[in-house]
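Below you'll find the structure, written out as structure tokens, and then a few comments.
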Amino acid sequence: MTQAPIKNKIVSTRVTANIQDRARKNLADQGLTVSEYIRLALVKAANNEVQLVNFLDSSEALEAKREAETDQLETIGDLNDFNDWIEKINED
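In terms of this note's numbering, the sequence shown opens at residue 6 and continues consecutively.
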């Protein structure tokens, strides 16, 4: 009985051109391509070797929560300012 060839799967994702360019440069400095890095990351995820970071437990997040719970808030803008900030982040 012959073994069937292993079929490769293609995984794709979308990022901004700026992020792709920066990632490509930083990974090249370490001798990796973006594809190689993603492949390594997926192998680690498949082997349950990924430790996710819970940003809600960071010292900054806990301090912000404490400030909100004790009404120590400072208004720094409105919803339009927030939307402008999000658009600027997406451009980067």
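Every residue, glycine too, gets a C-beta built ideally from N, C-alpha and C.
Distance, residue j Cα to residue i Cα
i	j	result
Glu-79	Tyr-42	41 Å
Ile-94	Leu-47	26 Å
Ala-66	Gln-25	28 Å
Asp-34	Asn-85	39 Å
Local conformation of residue i per DSSP, three classes
i	result
Asp-34	helix
Ala-9	coil
Leu-57	coil
Arg-44	helix
Asn-23	helix
Ile-94	helix
Ser-63	coil
Asp-76	coil
Beta-carbon spacing of residue i, residue j below 7 Å
i	j	result
Arg-29	Val-16	no
Asp-97	Asn-13	no
Val-58	Lys-49	no
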